[in-house]
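In what follows, a single structure is set out as structure tokens and then discussed.
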Amino acid sequence: MVLSGIREVIWKGMEASNRTISERLLLMAQVLEILDENPFKVRAYRRASEIIGRLATPVAGLSITDLDAMEGIGEGVALKVQEIASSGTFRELEEALSRIPPGLIDLLNIEGVGPKTAKTLWQKMNITSVADLERAARARRIRALKGFGEKKEALFLRSIARQKTPATRMNREQADEIIAVIRTVMKEGTWTVAGSYRRGKSTVGDIDIVTTDDPRRVNSLLHGISDEMIDVGDKKTSFRCRGSRVDVRFTSPSMFGSMLLHLTGSAAFNIRMRELAISKGASLNEYGIVYTSQGISKEFSREEEVFFYLGLDFIVPELREDWGEVEAAHSHTLPTLVEQGQIRGDLHVHSSWSDGSMDIRSIARAGEELGYSYLACTDHSSSLGVARGLDEAALKCQAHEIEMVNRDTSCHILHGIEVDILADGSPGLPASALRDLDIVIGSIHSAFSQESDVMTRRIISAVSHEDIDIIGHPTGRLLGQREAYAVDMQRVIAAAAATGTALECNASSFRMDLDDLHIREAIQSGVKISIGTDAHGPRELHYLPYGLGLCRRGWATPSDLLNTLTCQEVLEYVS
DNA sequence: GCCGTTTTCGGCCCGACTGTTTTCAGTCG
């Protein structure tokens, strides 16, 4: 099948993003699944889609050799990636798509509908869209099919209704709120949060819990906090709480380690671990390790024991993504990651001088309570009218107040600013205003929709500006609300490496920007990372661990961060 | 379709729960 003329015109001149390529490969996997093709071929496409989808660097320009060198991508997919890069699709996908009705793929988004069900609904009832499915379920026609009944109809209808308000991934603060609700019914010391939350990801799809508590006791209590119980069992229970899915796995203390390992994931990491076990003649699951030939099984109360048993160093949850950590654990070359106790301060806080709610003294007190030796007060510059930004004169007054507060606080307030990077790349305040400040963050707050090359050059000119020390929230994304602006982070990272400018890891639960993979790339290029909470009030000062988790996911060691430096060392670094 | 410290052919992680069934297929994580 040939591309439609319209799509060809739209496509012309565009370069396929990793997201586009990833989506096309996933679509191929889904279509092949419905067509009942070799499940391992399906898995290969799915895996390639995941690998490219999470990559920070664009793959569109890569050669076949470079693509083939990537774990999980072979020559077959490499050729398809190139085809997508030049045309937006590939021949085999179009061929496969021509064999199924266009709306059928959407059915896969309905809970309880997988490839087999989709195919059955299509071939036996001519259902080819979500709308068709809804009509048939309402008319109670689906129960007539062999293998389907009333409950399936009800499930489809519930799921379709929910799909009309699509569930987005939670940010970490929202996840913390749900965990707080769960805490009200769980017995202290008997449970742990696992899953992507434990791995420190910027967003969380569902909450995973491992518990040694009694299933009957817990299940009866969970009813009280659930919107809906999805599955209830004595090994596993799933329910919905405040709109989000929660999975609970029950285990015994003697098997807690392997269950926690299993439920922490990631899926790709679990597969690697199980393949490793197979290579040693064993089988790894959430209950332990089994040597099938000899019938020997082993239980693990702690995760560490599983790693040791497989000949690996312990891999912290943040690294478990199959991004090379298993190999590093095997060769004893895992990095020693930065820890919370090594953080000496927060490098991005707003005061009531601009749009924050804390005065300088409150910030200093909060810093003392958090055990910090410094906090950077970085209000907005005057070019950002909406945030009551500071001009040069106001900055002088603020300097005086900070000086007064610094006389009697153990948490030193660094006098800084978050100056706008204007549309032309210049800072929103004159050099005379910036020169005397301790620390200057440059951030984009306007003209978000500039074309990629313009935006990239704009940010690079800020990176190169002698008074700007840190680039704030470098990609500008707002989780679930606004996409990152079009910026080539590779070029920005290269420029930052050349000038010694730090890139911020903005720890606000709404931003989480830079994210893990960009942090890793920056660190590999020798760029320093600065964690800032961007706090506008006292509660938000507690965002710092969110950012720390991202840095750990980016393989950050203490020397990769500004926040592990002493106050004096920070001043020396930025001067 | 990918991959190889037994292999370039023949494998490919593993288990829970539901619904609709008389033993299991399908979905999900």
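Position 388 of the first sequence, counted from 1, bears residue number 1256 in this note's numbering, the numbering being contiguous throughout. Using N, Cα and C, we set each Cβ at its ideal position, and we do this for glycine too.
Nearest-angstrom beta carbon gap, residue j and residue i [assumed within contact, 8 Å]
i     : j     : result
T1246 : H1280 : Rounded, the Cβ-Cβ distance is 14 Å, inconsistent with contact.
D1402 : R1379 : 7 Å
W1059 : I1077 : 6 Å
G1063 : T1132 : 6 Å
M1123 : E1171 : Between E1171 and M1123 the Cβ distance is about 11 Å, and since that is not below 8 Å, they are no contact.
A1354 : V1331 : That pair is no contact at about 17 Å.
M1461 : L1152 : Any property of residue 1461 remains undetermined from this structure, which presents the chain solely from 869 to 1443.
G1405 : S1225 : 4 Å
G1468 : A1048 : Only positions 869 to 1443 of the chain appear in this structure, which leaves residue 1468 out of reach.
G980  : F1016 : Actually they are not in contact, since the Cβ atoms of G980 and F1016 sit about 10 Å apart, beyond 8 Å.
V1273 : I1228 : 5 Å
R1009 : I952  : The pair is not a contact, with the Cβ atoms about 39 Å apart (cut-off 8 Å).
CA nearest to the CA of residue i, picked from the options
i     : options                       : result
A1424 : I1093, R1008, L1385 and D1402 : L1385
W990  : D1337, K1396 and L903         : L903
T933  : M1380, A946 and L976          : A946
D1383 : K1055, T1071, L1023 and G1192 : T1071
D1095 : R1325, I1050, G1133 and E1056 : I1050
D1115 : V1061, E1408 and R1407        : V1061
R1388 : R892, S885 and A924           : A924
R1359 : G1368, I1328 and D1304        : I1328
L1416 : V1442, S1377 and A1012        : S1377
Y1159 : S1169, K1148 and D1181        : K1148
V998  : K1014, Q1031 and F1016        : Q1031
S1134 : A1262, I1183 and G929         : I1183
V1442 : S1250, A1244 and G1235        : A1244
L965  : T1036, S1027, T1080 and L895  : L895
I920  : S1427, D1223, P1083 and W1191 : W1191
I1336 : A1352, G1348, E1351 and S1294 : S1294
A1267 : M1054, L1305 and I1075        : L1305
Q1349 : N1039, C1419 and R1407        : N1039
G1437 : Y1242, R1233, H1216 and A1007 : The identity of residue 1437 in the sequence shown is Glu, whereas the question assumes Gly. Comparing Cα positions, the closest option is Y1242.
T1036 : Q950, S931, G1111 and A1291   : G1111
M1323 : A1232, I1146 and D1292        : D1292
E1056 : H1410, V1086 and D1074        : V1086
Per DSSP, the bridge partner or partners of residue i
i     : result
W1059 : T1079
A1234 : Answer by DSSP bridge pairing: none, since A1234 is not bridged.
G1400 : N1374
F1118 : T1079
T1071 : N1039
L1131 : Paired residues: none, contrary to the question.
P1295 : I1289
V1463 : Absent from the structure is residue 1463, since the part of the chain shown begins at 869 and ends at 1443.
D1381 : N1374
L1302 : Paired residue(s): none; L1302 is not in a bridge.
I1046 : DSSP, once it has assigned bridges, lists no residue as partnering I1046.
Residue i: CB within 7 Å of a non-hydrogen atom of the ligand SAH
i     : result
G1415 : Ligands displayed in this structure: none; no statement on the ligand SAH is therefore possible.
Would you call the segment 1362-1379 in contact with the segment 1169-1183, where contact means no fewer than 3 C-beta pairs closer than 8 Å?
Per the Cβ contact rule, the segment 1362-1379 is not in contact with the segment 1169-1183 (fewer than 3 Cβ pairs under 8 Å).
Below 8 Å, how does it come out for the segment 1184-1196 and the segment 1064-1073: are there three or more Cβ pairs, yes or no?
Here the segment 1184-1196 lies against the segment 1064-1073, with 3 or more beta-carbon pairs under 8 Å apart.
Are there three or more Cβ pairs, one per stretch, closer than 8 Å when the segment 1258-1276 is compared with the segment 1200-1217?
The answer is no - the segment 1200-1217 does not touch the segment 1258-1276, with fewer than three Cβ pairs under 8 Å.
Under 8 Å: do the segment 1107-1114 and the segment 1075-1090 share three or more Cβ pairs, one atom per stretch?
The segment 1107-1114 vs the segment 1075-1090: in contact.
Should the segment 1334-1346 be regarded as contacting the segment 1305-1317, the criterion being three or more beta carbon pairs within less than 8 Å?
They touch, by the three-pair rule.
What runs of the alpha helix (DSSP H), each 4 residues or longer, lie entirely inside the segment 1309-1353?
The segment 1309-1353 contains these whole alpha helix (DSSP H) runs: 1320-1332.
Which complete alpha helix (DSSP H) runs does the segment 1085-1115 hold, if anything under 4 residues is left out?
Here no run is fully enclosed.
Curious, which full-length alpha helix (DSSP H) runs of at least 4 residues does the segment 1224-1291 contain?
For the segment 1224-1291, whole alpha helix (DSSP H) runs of length 4 or above, ordered along the chain, are 1228-1237 and 1260-1274.
Can you confirm whether the segment 1010-1025 touches the segment 1392-1402 when touching is taken to mean that 3 or more C-beta pairs between the two stretches lie within less than 8 Å?
With a cut-off of 8 Å, the segment 1010-1025 and the segment 1392-1402 do not count as touching, because too few Cβ pairs lie within range.
Could I get the ranges of all uninterrupted alpha helix (DSSP H) runs contained in the segment 918-1000, with 4 residues as the minimum, in chain order?
With a minimum length of 4 residues, the continuous alpha helix (DSSP H) runs that stay inside the segment 918-1000 are 932-936, 943-955, 959-965, 972-975 and 983-993.
Specify whether the segment 986-1000 and the segment 911-927 touch according to this definition: at least 3 beta carbon pairs, one from each stretch, less than 8 Å apart.
At 8 Å Cβ cutoff, the stretches do not touch.
Below 8 Å, can you find three or more Cβ-Cβ pairs linking the segment 1317-1327 to the segment 1268-1280?
Contact fails: fewer than three Cβ-Cβ distances are below 8 Å.
Continuous beta strand (DSSP E) assignments of at least 3 residues falling wholly in the segment 1146-1208:
DSSP runs (the beta strand (DSSP E)) wholly in the segment 1146-1208: 1151-1153, 1156-1159 and 1164-1166.
If contact is defined by three or more beta carbon pairs under 8 Å, each pair taking one atom from either stretch, is the segment 883-903 in contact with the segment 967-977?
When C-beta atoms of the segment 967-977 are compared with those of the segment 883-903, three or more pairs fall below 8 Å, so the two segments count as touching.
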